[in-house]
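Structure record follows, encoded as structure tokens.
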Amino acid sequence: MSEPFNLATHFLDRHVASGRVALYTGDRSVTYAALAELANRAGNVLLDAGVRKGQRVLLALSDGEEFVATWYGAQKIGAVTAEVYPFLQPKDYAYYLGYTEAVAVIADAVTLPALRSAGARNLLVLGVPESELLPGERPFRTLLDAASPSLEAAPTTVDDVGIWKFTTGSTGAPKACVHPLRSPKESFERYAVQVLGLRADDRVLAVPKLFFGYARDLVALFPFGVGAAGIAFPERSTADLMFELIARHRPTVLVNVPTMMSAMVAHPAAASQDLSCLRMTTSAGEALPSELHRKWDALFGVPVVDGIGSSEAYHIYLSNRPGEARIGTLGTPVPGYTAEVVDELGNPLPDGEIGPLRITGPTIALEYHGDAEKSAKTFDGDTLTSGDLFSRAAGYFRHHGRADALLKVGGVFVAPGEIEDCLLGHPSVVDCAVVGHETGGLVVPRAYVVTRTPVTADELKDHAKAHLAKHKYPREVVFVTELPRTANGKLDRRALAGRP
Numbered sequence: 001m002s003e004p005f006n007l008a009t010h011f012l013d014r015h016v017a018s019g020r021v022a023l024y025t026g027d028r029s030v031t032y033a034a035l036a037e038l039a040n041r042a043g044n045v046l047l048d049a050g051v052r053k054g055q056r057v058l059l060a061l062s063d064g065e066e067f068v069a070t071w072y073g074a075q076k077i078g079a080v081t082a083e084v085y086p087f088l089q090p091k092d093y094a095y096y097l098g099y100t101e102a103v104a105v106i107a108d109a110v111t112l113p114a115l116r117s118a119g120a121r122n123l124l125v126l127g128v129p130e131s132e133l134l135p136g137e138r139p140f141r142t143l144l145d146a147a148s149p150s151l152e153a154a155p156t157t158v159d160d161v162g163i164w165k166f167t168t169g170s171t172g173a174p175k176a177c178v179h180p181l182r183s184p185k186e187s188f189e190r191y192a193v194q195v196l197g198l199r200a201d202d203r204v205l206a207v208p209k210l211f212f213g214y215a216r217d218l219v220a221l222f223p224f225g226v227g228a229a230g231i232a233f234p235e236r237s238t239a240d241l242m243f244e245l246i247a248r249h250r251p252t253v254l255v256n257v258p259t260m261m262s263a264m265v266a267h268p269a270a271a272s273q274d275l276s277c278l279r280m281t282t283s284a285g286e287a288l289p290s291e292l293h294r295k296w297d298a299l300f301g302v303p304v305v306d307g308i309g310s311s312e313a314y315h316i317y318l319s320n321r322p323g324e325a326r327i328g329t330l331g332t333p334v335p336g337y338t339a340e341v342v343d344e345l346g347n348p349l350p351d352g353e354i355g356p357l358r359i360t361g362p363t364i365a366l367e368y369h370g371d372a373e374k375s376a377k378t379f380d381g382d383t384l385t386s387g388d389l390f391s392r393a394a395g396y397f398r399h400h401g402r403a404d405a406l407l408k409v410g411g412v413f414v415a416p417g418e419i420e421d422c423l424l425g426h427p428s429v430v431d432c433a434v435v436g437h438e439t440g441g442l443v444v445p446r447a448y449v450v451t452r453t454p455v456t457a458d459e460l461k462d463h464a465k466a467h468l469a470k471h472k473y474p475r476e477v478v479f480v481t482e483l484p485r486t487a488n489g490k491l492d493r494r495a496l497a498g499r500p
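For what it's worth, UniProt numbering labels the leading residue of the sequence shown as 1, then goes sequentially.
Now the structure itself:
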């Protein structure tokens, strides 16, 4: 018999009597009691809208109290939550609406115009005057205020499907990784507690928005498991804003991504920032270049806990440990997980050799929704075969990029990340990306580079030649003001590969 488990009861309701703050947003501090009451109201509104256990609720909301409360309200009634970026185009929303077949869609003033253009119906809308709503759109705030503050938790178990986590879409249309409620429970206990050591006095601030499970879990789920607090804000993340929020809220944990780490390091006022409140910053979402890690350490002195996770595995499965980072690696398996580098036939490879990673653990998704063929290639019970390439040495794992991103130069495979890491070691380079470019029938490495001070293409090529095997240097260097990113903040290599 499955273990009874309601996510909202476990993470939110049990702290109601503590009097503690659950969420800081703007100038407000929201207690667990206030957030739990709003979650109950949201759950009742969803029930009145026809949502039942096992049905999908799509959140297209800016970050804030209502996002978190609605997510918990949906969980409390046994619905399945899915979240999308609040700055998408209509065509993107149209895809998610059709794919999820959500019974209820929660929108706000930011997402409403695009959702309307995407043909969304039966919307619950926040932050828009009722007089401006169209037929089929209902005022969410009015309904919340009128709803009962009491709500009985649905009798869910750890084996009930509760969460859809979308892939980033960097290699194709986003797919939902279908997770039972066991996944967040186990990930909290194994990563948040045993690796990060989250504690009740922590305040967690995330660079990515809450639609991204990496951020949502570390701001509004894992801290709640220990009675700590998260910090939510609706604006787009910038280095200026992150420094401002750190100064205002004094977080103890910063949930970061390499792109923002680079921007913070390169900020003109970086050296004058007071980050002494931070006891660590996590890094995930994309590879953290060794040179960037060293620059961060030298400038800020805030320990970096670099790790890797995926929507397929729910959250982080390989991680360094706080204060014990081995730069250039992703650490060792999170407790409860095993990982091995394998060949194309699934046979384990010895230390030093590169191949896909096979992960076994308690939080592997059940499937990709609607894609049985891809699911069969990726999932095997509690085991996942990653599309990323790794090597292992002395128990520590090193990331070599995605298998489909490797370049074959002169008959030899080259990992773009190795060239990128080298270029980032040049003092003029702030950010860079390397993709394959076909010229004369041959594929050559082309580097797109963002600089802080003037430098020539030949100087960067010479720098690469001096630090890499000769065949690995970028044959072309293109200077750009910024690199294209996905909504999750990951480098969009497809967009670069499509440039002339």
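For each residue, glycine too, the CB sits at the ideal point set by N, CA and C.
Practice prompt. Pick helix, strand or coil for Asp108, following the three-state DSSP scheme.
Written response: Reading the sequence shown from its first residue, position 108 is the one you call residue 108. Three-state DSSP puts Asp108 in a strand.
Worksheet item: DSSP beta-bridge partners for Tyr24?
Response: By 1-based counting over the sequence shown, the position of residue 24 is 24. Paired residues: Ser29, Ile231.
Item to complete: Decide if Ala109 is buried, meaning its Cβ has at least 16 other Cβ atoms within 10 Å, or exposed.
Response: As a first step, residue 109 must be located in the sequence shown, where it is residue number 109. It counts as exposed.
Practice prompt. May I ask you to report which of helix, strand or coil DSSP gives His467?
Written response: The residue labelled residue 467 in the question sits at position 467 within the sequence shown. His467: helix per DSSP, three-state reduction.
Worksheet item: Do you know offhand how far Asp48's Cα is from Ile354's?
Response: Taking the sequence shown and counting its residues from 1, one reaches residue 48 at position 48. Taking the sequence shown and counting its residues from 1, one reaches residue 354 at position 354. For Asp48 and Ile354, the distance between alpha carbons rounds to 53 Å.
Worksheet item: Between which two residues does the alpha helix (DSSP H) containing Tyr72 stretch?
Response: Taking the sequence shown and counting its residues from 1, the one referred to as residue 72 is at position 72. 65-76 is the extent of the alpha helix (DSSP H) around Tyr72.
Worksheet item: What does a CB cutoff of less than 8 Å around Arg121 pick up in its chain, not counting 5 residues either side in sequence?
Response: Here residue 121 is taken as the residue at index 121 of the sequence shown, counted from 1. Result list for Arg121: Gly136, in chain order.
Worksheet item: Which residue or residues does DSSP assign as beta-bridge partners of Arg182?
Response: Position 182 of the sequence shown, counted from the first residue, corresponds to residue 182. Answer by DSSP bridge pairing: none, since Arg182 is not bridged.
Worksheet item: With a CB to CB cut of under 6 Å and the five nearest residues on each side skipped, what residues in its chain are close to Phe140?
Response: Along the sequence shown, read from residue 1 onward, the residue named residue 140 stands at position 140. Closer than 6 Å at Cβ, skipping near neighbours: Leu124, Val125, Leu126.
Item to complete: Inspect the beta-carbon positions of Leu58 and Thr70 and report whether they are closer than 8 Å.
Response: As a position in the sequence shown, residue 58 is number 58, starting the count at 1. As a position in the sequence shown, residue 70 is number 70, starting the count at 1. For Leu58 and Thr70, no; Cβs fall outside 8 Å.
Worksheet entry | Buried/exposed call for Ser237, threshold 16 Cβ in 10 Å | Position 237 of the sequence shown holds residue 237. Around the beta carbon of Ser237, 16 or more other beta carbons sit within 10 angstroms, so the residue counts as buried.
Worksheet item: Of the residues Ala153, Ala206, Ser272, Lys465, which one's Cα is nearest the Cα of His249?
Response: Start at 1 with the first residue of the sequence shown, and residue 249 comes out as number 249. The candidate whose alpha carbon is nearest that of His249 is Ala206.
Worksheet item: With distances taken between CB atoms, is the gap from Asp421 to Leu483 smaller than 8 Å?
Response: Your numbering for residue 421 matches position 421 in the sequence shown. Your numbering for residue 483 matches position 483 in the sequence shown. For Asp421 and Leu483, no; Cβs fall outside 8 Å.
Item to complete: State yes or no: is the C-beta of Ala74 within less than 8 Å of the C-beta of Ala102?
Response: Translated into positions along the sequence shown, residue 74 becomes position 74. Translated into positions along the sequence shown, residue 102 becomes position 102. The answer is no: Cβ separation not under 8 Å.
Worksheet entry | Cβ-based burial, Gly370 [other Cβ within 10 Å; buried from 16] | Counted from its first residue, the sequence shown places residue 370 at position 370. So Gly370 ends up on the exposed side.
Discussion item. By the DSSP assignment, the beta strand (DSSP E) with Ile327 in it spans what residues?
Written reply: To locate residue 327, count along the sequence shown from 1; it is residue 327. Neither: Ile327 is in no beta strand (DSSP E) and is coded neither H nor E.
Discussion item. If contacts are defined as beta-carbon pairs under 8 Å, then Val253 and Asp202 qualify, I think. What distance do you get, rounded to the angstrom?
Written reply: Taking the first residue of the sequence shown as position 1, residue 253 is located at position 253. Taking the first residue of the sequence shown as position 1, residue 202 is located at position 202. Right, their Cβ atoms sit about 6 Å apart.
Worksheet item: Between which two residues does the beta strand (DSSP E) carrying Ser82 extend?
Response: Sequence index remark: in the sequence shown, residue 82 carries index 82 (1-based). It should be pointed out that residue 82 corresponds to Ala in this sequence rather than to Ser. From DSSP, the beta strand (DSSP E) with Ala82 extends over 80-83.
Worksheet entry | With 16 other Cβ atoms within 10 Å as the buried cut-off, status of Ala147 | On the sequence shown, position 147 is the one that residue 147 refers to. Ala147 comes out buried.
Fill in: Range covered by the alpha helix (DSSP H) that runs through Leu144
Within the sequence shown, the letter at position 144 stands for residue 144. Its alpha helix (DSSP H) spans residues 140-146.
Worksheet item: How many angstroms separate the CA atom of Asp404 from the CA atom of Gly387?
Response: In the sequence shown, residue 404 corresponds to position 404, counting from 1. In the sequence shown, residue 387 corresponds to position 387, counting from 1. Each residue's Cα considered, the two are about 8 Å apart.
Practice prompt. Would you check if there are 3 or more beta carbon pairs closer than 8 Å linking the segment 177-197 to the segment 338-352?
Written response: no
Worksheet item: Should Pro335 go down as buried or exposed, given a rule of 16 or more other Cβ atoms within 10 Å for buried?
Response: Residue numbering aside, residue 335 sits at position 335 when the sequence shown is read from its first letter. Exposed, because fewer than 16 other Cβ atoms sit within 10 Å of the Cβ of Pro335.
Worksheet item: Can you give the Cα-Cα distance for Arg499 and Tyr448, rounded to whole angstroms?
Response: On the sequence shown, residue 499 is found 499 positions in, with the first residue counted as 1. On the sequence shown, residue 448 is found 448 positions in, with the first residue counted as 1. Each residue's alpha carbon lies about 11 Å from the other.
Practice prompt. Please state whether DSSP places Val409 in a helix, a strand or coil.
Written response: For the purposes of this step, residue 409 is taken as the residue at position 409 of the sequence shown. In this structure, Val409 counts as strand in the three-state DSSP scheme.
Worksheet item: Run through DSSP, which three-state label would Thr453 get?
Response: Start at 1 with the first residue of the sequence shown, and residue 453 comes out as number 453. In this structure, Thr453 counts as coil in the three-state DSSP scheme.
Discussion item. I'd like to know whether the C-beta atoms of Val477 and Lys465 end up nearer to each other than 8 Å.
Written reply: Here residue 477 is taken as the residue at index 477 of the sequence shown, counted from 1. Here residue 465 is taken as the residue at index 465 of the sequence shown, counted from 1. The answer is no: Cβ separation not under 8 Å.
Worksheet item: In chain order, what residues of the same chain have a beta carbon less than 7 Å from the beta carbon of Arg392, not counting five sequence neighbours either side?
Response: Counted from its first residue, the sequence shown places residue 392 at position 392. Correct list, in chain order: Val341, Asp351.
Practice prompt. May I ask which residues mark the beginning and end of the beta strand (DSSP E) holding Tyr396?
Written response: Taking the first residue of the sequence shown as position 1, residue 396 is located at position 396. 396-402 is the extent of the beta strand (DSSP E) around Tyr396.
Worksheet item: Along the chain, where does the alpha helix (DSSP H) that runs through Ile316 open and close?
Response: Numbered from its first residue, the sequence shown carries residue 316 at position 316. Ile316 -> not in any alpha helix (DSSP H); beta strand (DSSP E) instead, spanning 316-319.
Worksheet entry | Where Glu235 falls, given that 16 or more other Cβ within 10 Å makes a residue buried | Counting from one through the sequence shown, the residue named residue 235 turns up at place 235. It is exposed - the Cβ of Glu235 has fewer than 16 other Cβ atoms within 10 Å.
Worksheet item: Straight-line CA distance for Ala17 to Leu384?
Response: Here residue 17 corresponds to residue number 17 of the sequence shown, with the count starting at 1. Here residue 384 corresponds to residue number 384 of the sequence shown, with the count starting at 1. About 40 Å.
Worksheet entry | DSSP state of Gly213 mapped onto helix, strand, coil | Position 213 of the sequence shown, counting from 1, holds the residue named residue 213. Looking at Gly213 - three-state DSSP - the assignment turns out to be helix.
Worksheet entry | Chain-order list of residues whose beta-carbon lies under 6 Å from that of Cys177 (same chain, five-residue window excluded) | Sequence index remark: in the sequence shown, residue 177 carries index 177 (1-based). If the five residues before and after Cys177 are omitted, its C-beta is found closer than 6 Å to the C-beta atoms of Lys165, Ser311, Glu312, Ala365, all from its own chain and listed in chain order.
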